[in-house]
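First comes the structure, then the notes that go with it.
There are 2 protein chains.
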Amino acid sequence: MTRNEALLLKEYLAERKALIDEALAGFVPGEGIGPPDLFRAARYSLLAGGKRLRPILCLAAAEAVGGEAQSVLPVACALEFIHTYSLIHDDLPAMDNDDYRRGRLTSHKVFGENMAILSGDALLTEAFHLIARRELSPAIAPERLLAVAAEVAAAAGWFGMVGGQVLDVQAEGRTLDREALERLQRLKTGAMILVSLRAGAILAGASELQLSALSDYGKRIGLAFQIADDILNVEGDPALMGKGTGSDAARGKVTFPSLLGVEASRAEAGALIGGAVAALGAFDERADPLRRIARYILERDS
Amino acid sequence: MTRNEALLLKEYLAERKALIDEALAGFVPGEGIGPPDLFRAARYSLLAGGKRLRPILCLAAAEAVGGEAQSVLPVACALEFIHTYSLIHDDLPAMDNDDYRRGRLTSHKVFGENMAILSGDALLTEAFHLIARRELSPAIAPERLLAVAAEVAAAAGWFGMVGGQVLDVQAEGRTLDREALERLQRLKTGAMILVSLRAGAILAGASELQLSALSDYGKRIGLAFQIADDILNVEGDPALMGKGTGSDAARGKVTFPSLLGVEASRAEAGALIGGAVAALGAFDERADPLRRIARYILERDS
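And the structure:
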């Protein structure tokens, strides 16, 4: 990636993050008939400053096929709601028992376990509310919103993210071979990354060919991101990561570096990224952000 | 309620429960790419023999406006998925910390806390999958499925069931006045009962007037059910209830009997039921099951 490209991507990601952060804040009530503690807990986790990768991919996929980012923003936010709920529940004492996330205390450390469980439940539920409310997406045909709701539910459900989380819980302390590790990644993180791209594309009226190419791109970058995360966990700077590095190894977790070594993992991620960019061959310059995001995966430091 | 009517209702409820139980079992995978433990946990809670009130109301509302029960069965099952997830999460140690539910060990006692959290998450997510998959509801227009997805999400979310659960957690050990108790009930249990009726009616093409009448009915029976539950908690037979009676009082929980006394609570529920039946005045005999269900609320013993 050239310096100029890196600069363009940095600006693009910052602009997109600002757009998404503002929309997210607008989708969590400040007041209402519901209890304020719930909204405080939801806001705390939702507005904790994540990379917003999933919503950014959703907007970028919509634009790559000629759609407008603004019109898919509610669904993009729904994807971040689901990502946030999954982090809250993953951090619980009965799960990974993490005290810190993104450099801040985890939800259950601040609000208690019961509020952490419930705010996660609420974010998951409200994600589908964001997708299904027609008044939030007036320019989009209900058939498409419904198709996206079904795909998102499948990607987040028992054959997707939750299924992957169960595999992850069951894998602790055991050895996995490469096939099992890839399957775990595909379910736990890959499915939601893939559906983020597909949702944006479907909402923007992608053709079958376009959808298939974006899916190919999504599968490859999903796996590349996981490999890069694993490498960062071995090599990253704890101050930039917002959590301790080396934590995977300390837990005896099987990762791509632990199976293949760091260098072979990096080469593997590089090949996936090359394939992801190649999958976008038929797209014009409106897919440049997706191309740059793919190339950036191995160069990020947090 | 005459003896003949009670017999008709008993047969009706048994037939409906069998229909729903069979459909529910078909919607939880036995095998697949996901982890079997997750499905075992989901099946354990889902097929634990509940009354299936919410799906029964959904089917009955569809039939009351001239629709077919069979065509709304996937959405009816989605309502039971959501009800079941809420019970699993409510029973967790960080919440009500219950060891028994419906006479059996709770999910976290059998499968561990992590699997209980995840199977609840999966059931909630898969509920929206059941609603949004068009191939499961081929006779229903996508606009209607989308509207139902939005209403169900709202009823289950932070201005609905989860919000009510937060109020309930916060209410323990405090006193509530009657208004606060009704608000808690409306959110925690009322919203999902109401949306069960509305979902069936919307899917079956109800008119605005019909929808409004069924909503009126739903609000009243929702509150009546809660009052009757509270009375059963004071007076019921533990063997029939599947859990200890008197548990509300032992926890210092404010209930309708604790605020109004048992007799005034019974009178209040009776008035609500009368109002609920009156709201169905414009419906023909196809609404008889709904009328009988309303009258049955105060006569049930578990």
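Here the protein sequences line up with chains D and V, keeping their order. Position 19, counted from 1, in the first sequence is what the numbering used here calls 30; the numbers after and before it change by one each time, with no gaps. Position 29, counted from 1, in the second sequence is what the numbering used here calls 40; the numbers after and before it change by one each time, with no gaps. We treat Cβ as the ideally placed atom computed from N, Cα and C, and that holds for glycine.
Between the CA atoms of residue j and residue i - distance to the nearest angstrom
| i | j | result |
| --- | --- | --- |
| alanine 73 (chain V) | glutamate 26 (chain V) | 16 Å |
| alanine 52 (chain V) | glutamate 79 (chain D) | 42 Å |
| cysteine 88 (chain D) | phenylalanine 38 (chain D) | 8 Å |
| aspartate 32 (chain D) | arginine 197 (chain D) | 27 Å |
| histidine 119 (chain D) | isoleucine 99 (chain D) | 8 Å |
| serine 390 (chain V) | alanine 298 (chain V) | A question about residue 390 (chain V) goes unanswered here, because the residues of chain V that appear run from 12 up to 313. |
| glutamate 296 (chain V) | valine 273 (chain V) | 33 Å |
| valine 320 (chain D) | lysine 264 (chain V) | The requested residue 320 (chain D) is not part of the displayed model; chain D covers only 12 to 313. |
| proline 104 (chain V) | lysine 199 (chain V) | 19 Å |
| leucine 243 (chain V) | tyrosine 23 (chain V) | 23 Å |
| leucine 58 (chain D) | alanine 36 (chain D) | 7 Å |
| asparagine 122 (chain D) | glutamate 16 (chain D) | Note on residue identity: the sequence assigns phenylalanine, not asparagine, to residue 122 (chain D). Phenylalanine 122 (chain D) and glutamate 16 (chain D): Cα-Cα distance of roughly 42 Å. |
| valine 288 (chain V) | serine 276 (chain V) | 18 Å |
| leucine 129 (chain D) | arginine 112 (chain V) | 20 Å |
| arginine 63 (chain V) | methionine 12 (chain D) | 58 Å |
| leucine 116 (chain D) | aspartate 110 (chain D) | 6 Å |
| isoleucine 204 (chain D) | glycine 171 (chain D) | 11 Å |
| leucine 68 (chain V) | proline 85 (chain D) | 31 Å |
| alanine 282 (chain D) | glycine 131 (chain D) | 36 Å |
| leucine 49 (chain V) | threonine 136 (chain D) | 20 Å |
| alanine 305 (chain D) | alanine 224 (chain V) | 54 Å |
| alanine 164 (chain V) | leucine 90 (chain V) | 10 Å |
| glycine 233 (chain V) | isoleucine 308 (chain D) | 52 Å |
| proline 47 (chain D) | lysine 28 (chain V) | 38 Å |
| isoleucine 284 (chain D) | serine 56 (chain V) | 42 Å |
| serine 97 (chain D) | lysine 21 (chain V) | 42 Å |
| arginine 303 (chain D) | glycine 247 (chain D) | 21 Å |
| alanine 278 (chain D) | valine 180 (chain D) | 28 Å |
Boundaries (first-last residue) of the alpha helix (DSSP H) holding residue i
| i | result |
| --- | --- |
| threonine 136 (chain D) | 124-143 |
| asparagine 108 (chain D) | From DSSP, asparagine 108 (chain D) is part of no alpha helix (DSSP H); its letter is neither H nor E. |
| lysine 230 (chain D) | 219-246 |
| serine 97 (chain D) | 84-101 |
| valine 288 (chain V) | 273-290 |
| proline 47 (chain V) | 47-57 |
| aspartate 259 (chain V) | 258-261 |
| glutamate 16 (chain D) | 14-37 |
| proline 66 (chain D) | 64-75 |
| glutamine 207 (chain V) | Here residue 207 (chain V) is serine; the residue named in the question, glutamine, does not match the sequence. Segment 202-214, the alpha helix (DSSP H) holding serine 207 (chain V). |
| glycine 171 (chain D) | Here glycine 171 (chain D) belongs to no alpha helix (DSSP H), and DSSP marks it neither H nor E. |
| glutamine 196 (chain D) | 189-196 |
| proline 300 (chain V) | 299-307 |
Expected contact under 8 Å - CB spacing of residue i and residue j to nearest Å
| i | j | result |
| --- | --- | --- |
| alanine 202 (chain V) | alanine 166 (chain V) | 4 Å |
| alanine 138 (chain D) | leucine 156 (chain D) | That pair is no contact at about 13 Å. |
| phenylalanine 294 (chain V) | leucine 192 (chain V) | 31 Å between Cβ atoms; not a contact. |
| proline 382 (chain D) | proline 153 (chain V) | With chain D represented from 12 up to 313, any question about residue 382 (chain D) goes unanswered, as that position is not in the structure. |
| alanine 182 (chain V) | alanine 239 (chain V) | 20 Å between Cβ atoms; not a contact. |
| alanine 235 (chain D) | glycine 77 (chain D) | With 8 Å as the limit, alanine 235 (chain D) and glycine 77 (chain D) do not qualify as a contact, their Cβ atoms being about 26 Å apart. |
| phenylalanine 333 (chain V) | leucine 30 (chain V) | Outside the shown range of chain V, which is 12 to 313, sits residue 333 (chain V), and nothing can be said about it. |
| asparagine 125 (chain V) | methionine 106 (chain D) | 5 Å |
| aspartate 101 (chain V) | glutamine 176 (chain V) | 7 Å |
| alanine 71 (chain D) | leucine 301 (chain D) | 5 Å |
| glycine 286 (chain D) | arginine 231 (chain D) | 5 Å |
| histidine 140 (chain D) | glycine 168 (chain V) | 6 Å |
6 Å Cβ shell around residue i - same chain, five flanking residues per side excluded
| i | result |
| --- | --- |
| histidine 94 (chain D) | Arg65 |
| aspartate 227 (chain V) | Ala290 |
| glycine 184 (chain V) | Gly263 |
| leucine 178 (chain V) | Leu195 |
| leucine 19 (chain V) | none |
| arginine 311 (chain D) | none |
| aspartate 259 (chain V) | Asn244 and Thr266 |
| aspartate 241 (chain V) | Thr266, Phe267 and Pro268 |
Spatial neighbours of residue i in its chain, beta-carbon cut-off 8 Å, leaving aside the 5 residues before and after
| i | result |
| --- | --- |
| glutamate 162 (chain D) | Val206, Arg209, Ala210 and Ile213 |
| glycine 339 (chain D) | Residue 339 (chain D) falls outside the range modelled here, since chain D spans only 12 to 313, and no answer is possible. |
Close Cβ partners of residue i (< 7 Å) along its chain, the five nearest in sequence each way excluded
| i | result |
| --- | --- |
| arginine 189 (chain D) | Leu270 |
| valine 159 (chain D) | Val86, Ile142, Ala210, Ile213 and Leu214 |
| arginine 54 (chain D) | Val39 |
| threonine 186 (chain D) | Val265 |
| glycine 60 (chain D) | Arg113 |
Next on the checklist: Residues of the segment 123-145 of chain V in Cβ contact with chain B at a cutoff of 9 Å, in chain order, please.
Outcome noted: Considering every chain present, this structure includes no chain B. Its protein chains are D and V.
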